[in-house]
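In what follows, a structure is listed as structure tokens, so that the remarks can point back to it.
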Amino acid sequence: DQLIAKIYQGVLDGNKKSVIACVEEALQSGLDVEVILNDGLIAPMTEVGRLFEEGEYFVPEMLVSARAMQAGLEVLKPAMKESNVKSAGTVVAGTVKGDMHDIGKNLVCMMLEGAGYTIRDLGTDVAPEQFVAEVSKGDVDIVALSALLTTTMPNMKTTIDALKQAGVRDRVKIIVGGAPLTDTFASEIGADGFASDASRAVRLARSFAS
Ligand code: B1M
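Mapping of the sequence shown onto my numbering: position 65 corresponds to residue 322, and the numbering continues sequentially without gaps.
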């Protein structure tokens with residue numbers, strides 16, 4: 258589809274205005290939300306990563322692409338929400354210490370919100386103590402940890418260990434995700450589950466209720 262191709266190109270070029278306009282147009286013309294999300298907005302980020310690895314893109318280019326992608330997500334957000342259901346539980350989410358990547362985490366939060374969860378988003382570069390402080394408040398059902406760097410993955414374990422140390426680990430289910438993660442890693446660090454994308458994160462969260 259031409260509109261999808263324009264959204265893809267807009268994200269690649271970091272052209273926020275074009276992305277916003279095209280996503281609006283795509284929604285109006287009745288294009289499927291998931292297609293806009295996956296083919297228009299997420300797919301070009303993989304290409305951005307490739308261009309970065311090959312030395313064609315640098316951090317500034319990655320950043321403008323990220324901003325364009327997030328602007329598109331904002332337009333898509335209302336369409337992603339399911340009709341108002343009562344809160345399915347409270348999720349405390351964050352990207353772990355040392356890691357600034359937040360697009361994936363934001364997407365997971367949006368989908369969980371759409372599925373009826375109450376979200377407390379702690380943002381990026383979140384220290385284990387911050388997670389401990391939130392969980393200690395006592396009204397949290399799920400902790401959602403994101404990491405995009407191989408160098409920050411160990412901080413997921415540090416976070417889980419800090420929750421154990423504080424004696425609050427068993428109050429919550431812990432889900433982890435992010436491009437470099439695997440199921441094996443998730444079980445090794447003592448998480449309750451791993452999701453490779455945002456819709457799987459919703460399915461995983463729901464599976465704890467049954
Ligand atoms: Co960075 N970066 N980056 N970057 N960046 C990667 C991750 C990288 C793979 C690029 C590459 O080399 N190909 C590479 C990591 C290599 C590695 O660790 N082995 C990398 C690097 C090296 C870096 C810097 C170190 C670069 C530098 O400074 N030299 C630096 C680190 C900064 C830091 O964090 N301390 C850096 C910085 C940045 C920007 C700030 C410029 C920007 C982030 C902007 C932002 O997030 N606001 C950025 C970007 C945009 C990327 C790429 C291109 C795209 C990431 C993205 O947003 N993808 C990325 C390359 C790539 O991933 N191909 C790259 C789209 C997003 C929807 O997908 O985040 O995977 P993703 O989320 C998915 C799933 O993973 C999953 O669901 C999401 C939706 O399907 N998921 C979860 C994620 N979290 C989840 C949690 C869950 C469940 C599922 O449950 C809790």
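Quick reminder that beta carbons are idealized off the backbone N, C-alpha and C, glycines included.
First through last residue of the alpha helix (DSSP H) which encompasses residue 264: 259-270
Run the CB neighbour count on residue 391, radius 10 Å, all protein chains shown included, and call it buried at 16 or more, exposed below. buried
Under 8 Å: do the segment 432-442 and the segment 353-366 share three or more Cβ pairs, one atom per stretch? yes
With a floor of 3 residues, list each beta strand (DSSP E) that falls wholly inside the segment 282-368, ordered by position along the chain. 346-352
Does the contact criterion of 3 or more C-beta pairs under 8 Å hold for the segment 345-352 versus the segment 395-402? yes
Uninterrupted beta strand (DSSP E) stretches inside the segment 395-467 (no shorter than 3 residues): 399-403, 430-434
Is the beta carbon of residue 450 closer than 7 Å to that of residue 409? no
Please look up how many angstroms separate the CB atoms of residue 268 and residue 322, rounded, as I've assumed it's under 8 Å. 6 Å
Would you kindly report the start and end of the unbroken alpha helix (DSSP H) that includes residue 372? Residue 372 -> no alpha helix (DSSP H), and no H or E assigned at all.
Beta-carbon proximity list for residue 366, same chain, < 7 Å, skipping 5 on both sides: 350, 376, 378
How about residue 371 and residue 326: are their beta carbons less than 7 Å apart? no
Got a sec? Which residues, its chain only, sit under 8 Å from residue 280 by beta carbon, not counting five neighbours each side? 264, 293, 297, 298, 329, 332, 333
At the level of alpha carbons, what is the spacing between residue 455 and residue 368? 7 Å
Sort 374, 444, 418, 446 by Cα distance to residue 384 and report the nearest one. 418
Measure the Cβ-Cβ separation of residue 353 and residue 402 and say whether it is below 7 Å. yes
For the candidate residues 429, 389, 447, whose alpha-carbon lies nearest to that of residue 423? 389
Should residue 276 go down as buried or exposed, given a rule of 16 or more other Cβ atoms within 10 Å for buried? buried
Any heavy atom of the ligand B1M closer than 6 Å to the Cβ of residue 268? no
When you compare only the Cα positions, how much space is there between residue 446 and residue 411? 9 Å
Taking C-beta to C-beta, are residue 452 and residue 431 nearer than 7 Å? no
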